[in-house]
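Heads up: the sequence shown runs through residues 13 to 800, numbered per our numbering. C-beta: ideal position from N, C-alpha, C; glycine also.
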Amino acid sequence: MSFFFLFFFIFSLSNLYFSESQQQKQQLNISSFNISNSPWNPSQNHILLSPNSTFAAGFVPLPSSQNLYTFSIWYNKIDSNISTIIWSANDNSPVNRTGSLIIKPNGELSLSNFSGQNLWPSRPFSKNTTSLVLQESGNLVFGTWESFSYPTTTFLPTQNISGTALSTKNGKYKFLNSTFLVYSGFPNNNYWNSDSAFVNLDENGRILKENGASLISSDFGDKKLRRLTLDEDGNLILYSFDPSLSQWRVVWQAVYNWCRILGKCGTNSICTYEKNQDSSITCICPPGFKKVSDSCERKIAITDPNKTKFLALEYVNFSGGSNQTQFTVPNIAGCEVKCRSSKTCLGYFFQYDGNNLCVLQDSLRFGYMSPGVKGVFFLRVDESEAEKSNFNGLTNMMEVSCPVNISLPKPPEESKANTRNIAIISTIFAAELISGVIFFWAFLKKYIKYRDMARTFSLEVMPAGGPKRFSYGELRDATKNFSDVIGNGGFGVVYKGNLSDGRVVAVKSLKDFSTGDADFWAEVTIIARMHHLNLVRLWGYCTEKGKRILVYEYVPNGSLDKFIFPKRRVHNVESLSGPGGDGEKPILDWNIRYRIALGVARAIAYLHEECLEWVLHCDIKPENILLGEDFCPKVSDFGLAKLKKKEEMISMSQLRGTRGYMAPEWIRGPVTSKSDVYSFGMVLLEIVTGTRNNEQQNSKVESDQWYLPMWAFNKVFKEMNVDEILDPVIKDSYDNSAHFDLVNRMVKTAMWCLQDRPELRPSMGKVAKMLEGTVEITEPEKPTIFFL
Numbered sequence: 013m014s015f016f017f018l019f020f021f022i023f024s025l026s027n028l029y030f031s032e033s034q035q036q037k038q039q040l041n042i043s044s045f046n047i048s049n050s051p052w053n054p055s056q057n058h059i060l061l062s063p064n065s066t067f068a069a070g071f072v073p074l075p076s077s078q079n080l081y082t083f084s085i086w087y088n089k090i091d092s093n094i095s096t097i098i099w100s101a102n103d104n105s106p107v108n109r110t111g112s113l114i115i116k117p118n119g120e121l122s123l124s125n126f127s128g129q130n131l132w133p134s135r136p137f138s139k140n141t142t143s144l145v146l147q148e149s150g151n152l153v154f155g156t157w158e159s160f161s162y163p164t165t166t167f168l169p170t171q172n173i174s175g176t177a178l179s180t181k182n183g184k185y186k187f188l189n190s191t192f193l194v195y196s197g198f199p200n201n202n203y204w205n206s207d208s209a210f211v212n213l214d215e216n217g218r219i220l221k222e223n224g225a226s227l228i229s230s231d232f233g234d235k236k237l238r239r240l241t242l243d244e245d246g247n248l249i250l251y252s253f254d255p256s257l258s259q260w261r262v263v264w265q266a267v268y269n270w271c272r273i274l275g276k277c278g279t280n281s282i283c284t285y286e287k288n289q290d291s292s293i294t295c296i297c298p299p300g301f302k303k304v305s306d307s308c309e310r311k312i313a314i315t316d317p318n319k320t321k322f323l324a325l326e327y328v329n330f331s332g333g334s335n336q337t338q339f340t341v342p343n344i345a346g347c348e349v350k351c352r353s354s355k356t357c358l359g360y361f362f363q364y365d366g367n368n369l370c371v372l373q374d375s376l377r378f379g380y381m382s383p384g385v386k387g388v389f390f391l392r393v394d395e396s397e398a399e400k401s402n403f404n405g406l407t408n409m410m411e412v413s414c415p416v417n418i419s420l421p422k423p424p425e426e427s428k429a430n431t432r433n434i435a436i437i438s439t440i441f442a443a444e445l446i447s448g449v450i451f452f453w454a455f456l457k458k459y460i461k462y463r464d465m466a467r468t469f470s471l472e473v474m475p476a477g478g479p480k481r482f483s484y485g486e487l488r489d490a491t492k493n494f495s496d497v498i499g500n501g502g503f504g505v506v507y508k509g510n511l512s513d514g515r516v517v518a519v520k521s522l523k524d525f526s527t528g529d530a531d532f533w534a535e536v537t538i539i540a541r542m543h544h545l546n547l548v549r550l551w552g553y554c555t556e557k558g559k560r561i562l563v564y565e566y567v568p569n570g571s572l573d574k575f576i577f578p579k580r581r582v583h584n585v586e587s588l589s590g591p592g593g594d595g596e597k598p599i600l601d602w603n604i605r606y607r608i609a610l611g612v613a614r615a616i617a618y619l620h621e622e623c624l625e626w627v628l629h630c631d632i633k634p635e636n637i638l639l640g641e642d643f644c645p646k647v648s649d650f651g652l653a654k655l656k657k658k659e660e661m662i663s664m665s666q667l668r669g670t671r672g673y674m675a676p677e678w679i680r681g682p683v684t685s686k687s688d689v690y691s692f693g694m695v696l697l698e699i700v701t702g703t704r705n706n707e708q709q710n711s712k713v714e715s716d717q718w719y720l721p722m723w724a725f726n727k728v729f730k731e732m733n734v735d736e737i738l739d740p741v742i743k744d745s746y747d748n749s750a751h752f753d754l755v756n757r758m759v760k761t762a763m764w765c766l767q768d769r770p771e772l773r774p775s776m777g778k779v780a781k782m783l784e785g786t787v788e789i790t791e792p793e794k795p796t797i798f799f800l
């Protein structure tokens, strides 16, 4: 009996020793694999390390089955659980525990299973005695063979990308010719294209293209672990590893609207995308359809094509169809006629961009909703369908134009005293005729005198029905001897006045008329020709007793700067202490700020592009943007405006405008309409941030290096934290779902307007469309520091 226990004790010790030896064997790290180490089995669990142990290679069990393995490369230092695999030799053919990696006597590297088939890509040979080595760059090398030439899902820095391809493990998405992303499950399957093929990725976060251009990551310049990966969801993403957070961060991605990736939703579904922390998408059914699995089916089938109607889906488009046909039609009615005449047409898309493009759709696949869609999709349903369309765009949710209410008095009741009326009319007509003859004779008598005076003061160029010429006495009485001051600028003092006909006016008296005649007549001439809702209206002028005075319409709420940079603000408009008063100003919410920005953009676009002559404002700033009773913006102060023909450049001998809002070309020259674009961009950024451009925010840079656009760009596009740039007074009222699209468009548009080079800035017409959301805004470049 004692002999049995002794035998059992010795047997247990030997098993324990054997198990520890096996464990030590499994944990063996090797720097190279050669024929003397062959074969290499999954059960050995050897790990091949790069020189600095940044990367590791070896057999990795599949997440779905611990008995199947791939030979893969992963990050060793940051992935203790092998979560980030960057390359695999046999993704589609995993091996079991009997599989092995062998270097044969003839120099062939072979990865085989029980079947004996070589699963290693391209069956590498080496006549010399060669080892399998993992380089510090993550490149696995055997003789002349290297893994960088056979990428799977990931590109690494210094790897040659040109002409290669990536594929997801399930083969659903591919990145072909290092140029475009494709969806394998559908013909004509490109959903993203680069203008030029990728060449390589560097450690600083730059992707170089064949045409010499490059894509820059949001953290460009920092040397970090980086990888360019085609994720299983079909998006090509550049990641960088943040050691402080111990996680991978997205610093660039090919597709920003995830609904533009094909295959996200089933047939007849519409994909909607919400840009939040998870970048979530939702698949919803159009009106008249119901959810069935991951697709949608009609509630009422179309049995008779002649008994159908169309429901408008704004900002919706479908990009899939076996016979997607396009036409140019005279109008939208012609597009509907073409769809009705086809039995297979399930709807049509009409593009509202002036080209009248009509697209007939016979298959409702890859539907998506986006503000970048420039038209409306009209869905064909049975005429008995009672469900209404709930796809209404921003135009139905927000009023961005300033309403103008016009009413006419009711005509008086018809009088029966016809004889009396005829006598009165005849008397008035005779009196007017006599008066007209007398006045015409008086005019002819002094015509020569007034003609010379008119030529002197350029009055002959004033348009018919233009501003009225007031006498100095009229304006003195209207302003109570110029006592009610409401503004004081660099070119004059502004007084509030009441004309004899009851109109309230703003009277601007120029300071230095001896040197300001050119500015005075420029302002009178320009504003007399301007007729726009968002431009201040000139009602008259005065040129008596050595005075130069302009009479404007009175804008009651004063200038924009008093609302976004005030000392005191309140939360409701009723607290405003009178029109243009100095009391507490109301806080402008995001919708009103957006409407103000859009109105100013339309006004400047009108000056630049819709006038017969080219007008530059040259002094766009919050002080020159006035707000009406309904906070409708009006651009004022054309005293610095420059009037030229559109084909001419402007070269000015002295700086004009206000520091902080002046474009760089005021020093370098020549000045074009893009100078106003720069000034508008600075104002737009101040509307969002609620602060002057020269007031430093919470930044660690030196004050002499401070530049508001650069600070805002870093917060929004590098740190991905738009909340930090918002006006702190209404920051708490910011709702990501309700206001993100408005604020995002305002910030991106401002960054494009503030580009250092004028040719990179959009025209004011395009700026207005960018704010409206009718054109898609790409990610802007970072503004450079500029001092003036």
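Report all residues from its chain with a CB closer than 6 Å to the CB of residue i; omit the five preceding and five following residues, and keep chain order.
i	result
residue 597	574, 575, 578 and 581
residue 319	395
residue 600	575
residue 694	673 and 705
residue 586	Any reading at residue 586 needs caution, since the residue's pLDDT is 40, under 50, leaving its predicted position unreliable; the model's value is listed next. The answer is none, since no qualifying residue turns up.
residue 791	none
residue 794	725
residue 648	548, 636 and 638
Can you list, in chain order, the residues of its chain whose CB lies under 8 Å from that of residue i, leaving out five sequence neighbours each side?
i	result
residue 623	541 and 542
residue 495	507
residue 608	572, 600, 637, 639, 643, 645 and 699
Pick out whichever of the options has its Cα sitting closest to the Cα of residue i.
i	options	result
residue 221	174, 238 and 196	174
residue 235	741, 765, 604 and 213	213
residue 162	85, 196, 215 and 127	85
residue 157	708, 371, 135 and 648	135
residue 263	776, 728 and 116	728
residue 692	759, 207, 740 and 443	759
residue 293	304, 687, 300 and 276	276
residue 308	300, 669 and 240	300
residue 223	208, 217 and 216	208
residue 82	44, 115, 133 and 355	133
residue 97	124, 107, 80 and 67	67
residue 548	314, 271, 746 and 616	616
residue 190	219, 761 and 458	219
residue 126	497, 112 and 95	112
Ends of the alpha helix (DSSP H) at residue i?
i	result
residue 169	It is not in any alpha helix (DSSP H) - residue 169 carries neither H nor E in the DSSP assignment.
residue 490	484 to 490
residue 732	No alpha helix (DSSP H) holds residue 732; DSSP gives it neither H nor E.
residue 803	Outside the shown range of the chain (13 to 800) lies residue 803, about which nothing can therefore be said.
Looking only at its own chain, which residues have a Cβ that is under 7 Å from the Cβ of residue i, when we skip the five neighbours before and after it?
i	result
residue 332	198, 375, 377 and 378
residue 268	none
residue 386	363, 364, 365 and 786
residue 330	373, 376, 377, 378, 379 and 389
How far does the beta strand (DSSP E) with residue i in it reach, from first residue to last?
i	result
residue 254	248 to 254
residue 303	301 to 304
residue 73	67 to 74
residue 394	387 to 394
residue 721	Per DSSP, residue 721 belongs to no beta strand (DSSP E); it is in the alpha helix (DSSP H), 720 to 725.
residue 261	259 to 265
residue 500	497 to 500
Exercise. Would you check if there are 3 or more beta carbon pairs closer than 8 Å linking the segment 176 to 189 to the segment 218 to 236?
Key: No, because fewer than three Cβ pairs between the segment 176 to 189 and the segment 218 to 236 fall closer than 8 Å, the two stretches do not touch.
Self-check item: Segments assigned alpha helix (DSSP H), at least 4 residues, entirely inside the segment 319 to 359
Solution: Counting whole runs of 4 or more residues, the segment 319 to 359 contains the alpha helix (DSSP H) stretches 344 to 352.
Quiz item: How about the segment 108 to 126 and the segment 276 to 285: do they share at least three Cβ pairs that are nearer than 8 Å?
Solution: Contact between the segment 108 to 126 and the segment 276 to 285 is absent, because fewer than three Cβ pairs lie under 8 Å.
Exercise. Give a yes or no on contact between the segment 294 to 305 and the segment 762 to 769, applying the rule of three or more CB pairs nearer than 8 Å.
Key: Short answer: they don't touch.
Practice problem: May I ask you to verify whether the segment 131 to 150 touches the segment 72 to 79, counting CB pairs closer than 8 Å and requiring at least 3? | Solution: As far as the Cβ criterion goes, the segment 131 to 150 does not touch the segment 72 to 79, which means the pair count is below three.
Quiz item: Is there contact between the segment 244 to 252 and the segment 345 to 355, where contact requires at least three CB pairs shorter than 8 Å?
Solution: The segment 244 to 252 vs the segment 345 to 355: no contact.
Quiz item: Which ranges does the beta strand (DSSP E) cover as unbroken runs of at least 3 residues, wholly within the segment 129 to 195, from first to last along the chain?
Solution: Runs found: 144 to 146, 152 to 154, 185 to 188 and 192 to 195.
Quiz item: Which runs of the beta strand (DSSP E), 3 residues or longer, sit entirely within the segment 88 to 128?
Solution: Fully enclosed beta strand (DSSP E) runs of 3 or longer: 97 to 100, 112 to 115 and 121 to 124.
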